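Encoded as structure tokens, the structure appears first; notes follow it.
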């Protein structure tokens, strides 16, 4: 018997290992096994088990690490598809899918011996040997990699081998085990009801006798102060102590929803019937749910999940942001109770592990989460929902560059399931597929409760006083809103106090020393003065008094971020209760939820925020939305910049007037006649689509082609240019005979340096996915070899969402 095992290394194929003949239980696909790999020992994932005559002698599996598989066998074709499409090793694909902390591998450690300690004390070692012995003198095993970092030098390993020969040190393999494990709690069970028990003991015994085995935390919660009583009962043998696995509760912060489900509107009911019919057919079908903001898409999702559970199948719901997942948690948990599991990065590793295992053991049939929840180990999913499917947050930008929305369609197809792509501003890919008939379309055109879409007014900032942050129209509307006791949102898509520090004399900006971006000025915090921060690498510095280029003292700030907007509004409306939501003000999940809850409950009058507040959230008291810098994102060097600007304007506008009070939106722009702004004002998605799709067709950009972005980076600007040139030569030579493939570049990336690494990129355009992958399959191995030889790094991003 042999097993094909995928290892989490940069190797595309699985390795074959022998299953020891004396083993009674054969490791099933989906389990992790401990295997030798070169000089290391590491955990791999069983993909397949077969009985076959090996072509050569195989290494044996050392140990099976899991009691049950970590993912169902039917997910393996899904993992293989991902590995092939994104050209990413399958072992690393599976490692990305699993909860963090589930990894076992060996590492080399060095330990000093008694002979080594004597040599160090007597001074009989050479200088290099003494340095190593001194670093090991504490007596604890030290990782070889840490020792080499501490004592850099090409000869360190050779010296260690010589010292091991003299028995001054020992080189050993140590296993690094899982960092997350099941949580166990102590339990107690009453064995008898004793007449000799004291009143306190009697109360505890009767409590346990009625309830059976009960966890210690639950007992202490019901009978405070009985800890010593439990210990005395255990000593007497009247109760028996035990332990059981429990799940860590991830529902600590949520929007609670109570009461019976609301009556559906006719449009919602029709949408639910269409989806229920498709679910009953038990075959792959894709739907675009195009519902305007406030039209009640979540209720349609809930009805669809109810339908799929009625068919005995499971459901997966994806949200782009943790804040949106938190808002939906309350609705889904109130409807489906303990059948719900949540999976997103807001959970700690233990909570995430427990939620994963609940799904594995079939205790949760509904999974709600952010993009990584696409890998949830559900058996027989019959429904996959992607809420706000247009969001860029579904794209993973490091490691495995997957798009969870696209994988949702693939997983649904492989599972004969229904996939629902919901949005008020669909992505061009989804809308184009609907127009072409690849996806069926469901429309929700009315707001729940009789509300209407807000009136949008565009203010031409060229007619306002130069340097004005808030137009007179916006200030007037804010004042009126406050007088009426209604709430307002200000969308500012820039963190910090000012976007940059600018020298008037030599016209240079203060840049990050590690990145080709300007440093953002942040206001004083908790007793600390102003500081400059790089939002790409985290570099932080004090504010200079003079220009580092020309020595001028005339440094001025330009561009206003959320901090300056908050300060300015506080001065203009001193009695208003103003809050701010961005990554600086709410760095943790709990602080984010607290800020959103405060605003939701009416404890704030004005909320200023970035994209974190722009979509999906339902604030019933908001009747005014202001967008001070609406056209900033139009100037991004990205073919999809106009589409994203329209989406964010429409989404943030949709936060206004979601109940019976009419809403208003004030958009400030220096380009009021731009077709993106014009169509956003009139809530005309289809009109915007027609204008934008014409330009996409002329320039041959998605959805009329498929893209792959190759990023080359190095700490040396000359090396990165040479490496990018070598990659360009290989790609252009391969595409020369194909009419359907174009290679653009190489060229410096729009942000030419990040974290001390210089960046160049090449863009590959292909008429379809088949042509794109034919080119990539032929070239990428040679491209990686060429880049490695020059000592640079290469990253391949298939279907990139950002060109930066």
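In the working numbering, the protein residues as written are 116 to 919.
For every residue, glycine included, the Cβ atom is placed at its ideal position computed from N, Cα and C.
The structure presented is a predicted model; accordingly, all values stated were derived computationally and were not measured.
Point to revise | Selection from 813, 215, 508, 619 that minimises the alpha carbon distance to residue 464 | key: 215
Point to revise | Closest residue to residue 870 among 609, 426, 422, 649 (Cα-Cα distance) | key: 649
Exercise for review: Look up residue 300 in the DSSP assignment and give the residues it is bridged to.
Suggested key: 359
Practice item. Would you kindly work out how many angstroms separate the C-alpha atoms of residue 241 and residue 288, rounded to a whole number? Key: 26 angstroms
Point to revise | Reduced DSSP secondary structure (H/G/I, E/B, other) of residue 790 | key: helix
Review point. According to the neighbour-count rule (16 or more other Cβ atoms, all chains shown, within 10 Å of its Cβ), is residue 552 buried or exposed?
Key: exposed
Check your understanding: Along the chain, where does the alpha helix (DSSP H) that runs through residue 832 open and close?
Key -> 832 to 850
Check your understanding: residue 283 to residue 260, Cα distance in whole Å?
Key -> 19 angstroms
**Study point:** residue 167 classed as buried or exposed, judged by whether at least 16 other C-beta atoms fall within 10 angstroms
**Key:** exposed
Check your understanding: By a C-beta neighbour count over all protein chains shown, 10 Å radius and 16 as the cutoff for buried, is residue 369 buried or exposed?
Key -> The pLDDT assigned to residue 369 is 42, lower than 50, so where the model puts this residue is not dependable; a value taken from the coordinates is nonetheless given after this. When all chains shown are included, residue 369 counts as buried.
**Study point:** Buried versus exposed call for residue 170 [16 or more other C-beta atoms within 10 Å across all chains shown]
**Key:** exposed
Exercise for review: Measure the Cβ-Cβ separation of residue 547 and residue 818 and say whether it is below 8 angstroms.
Suggested key: yes
Practice item. State the Cα-Cα distance for the pair residue 386 and residue 163, rounded to the nearest angstrom. Key: 41 angstroms
Point to revise | Option in 855, 124, 602 with minimal Cα separation from residue 719 | key: 602
**Study point:** As assigned by DSSP and simplified to three states, the class of residue 636
**Key:** strand
Check your understanding: Taking Cβ to Cβ, would you say residue 645 is nearer than 8 angstroms to residue 634?
Key -> no
Exercise for review: Mind checking which residues open and close the alpha helix (DSSP H) that includes residue 174?
Suggested key: Premise fails: residue 174 is in no alpha helix (DSSP H) and is neither H nor E.
**Study point:** Coarse secondary structure for residue 688, derived from DSSP in three states
**Key:** coil
Point to revise | Option in 795, 880, 868 with minimal Cα separation from residue 815 | key: 880
Point to revise | residue 912, buried or exposed, once every other Cβ within 10 Å from all chains shown has been counted against 16 | key: buried
**Study point:** Cα-Cα separation between residue 636 and residue 683, rounded to whole angstroms
**Key:** 16 angstroms
**Study point:** Minimum length 3: unbroken beta strand (DSSP E) runs contained in the region 463 to 546
**Key:** 481 to 484, 496 to 502, 533 to 538
Practice item. Keeping to the same chain, check which residues put their C-beta closer than 8 angstroms to that of residue 621; ignore five residues upstream and five downstream. Key: 662, 664, 665, 667
Practice item. Report the residue from 271, 354, 709 whose alpha carbon sits nearest the alpha carbon of residue 303. Key: 354
Check your understanding: Between 738, 487, 841, which lies nearest to residue 571 when the distance is taken from Cα to Cα?
Key -> 738
Check your understanding: Can you tell me whether DSSP reads residue 133 as helix, strand or coil?
Key -> strand
Check your understanding: DSSP on residue 329, reduced to helix/strand/coil?
Key -> strand
Exercise for review: Give a yes or no on whether the minimum CB-CB distance between residue 295 and chain D is below 8 angstroms.
Suggested key: Given the protein chain composition of this structure (a single chain), no chain D is represented.
Check your understanding: Quick one: Cα of residue 628 to Cα of residue 565, how far?
Key -> 54 angstroms
Review point. Starting from residue 119 and walking both ways along the beta strand (DSSP E), at which residues does that stretch end?
Key: 117 to 121
Check your understanding: Under 8 angstroms between the Cβ atoms of residue 674 and residue 615?
Key -> yes
Exercise for review: On a CA-only basis, which of 806, 775, 742 is nearest residue 781? Give me that one, please.
Suggested key: 742
Exercise for review: Classify residue 668 as helix, strand or coil using the three-state DSSP reduction.
Suggested key: coil
Point to revise | Complete alpha helix (DSSP H) runs within the region 766 to 820 (minimum length 4 residues, chain order) | key: 790 to 796, 800 to 814
Point to revise | Simplified DSSP state of residue 918, which is helix, strand or coil | key: coil
Check your understanding: Grouping DSSP H, G and I as helix and E and B as strand, with all else coil, what is residue 706?
Key -> helix
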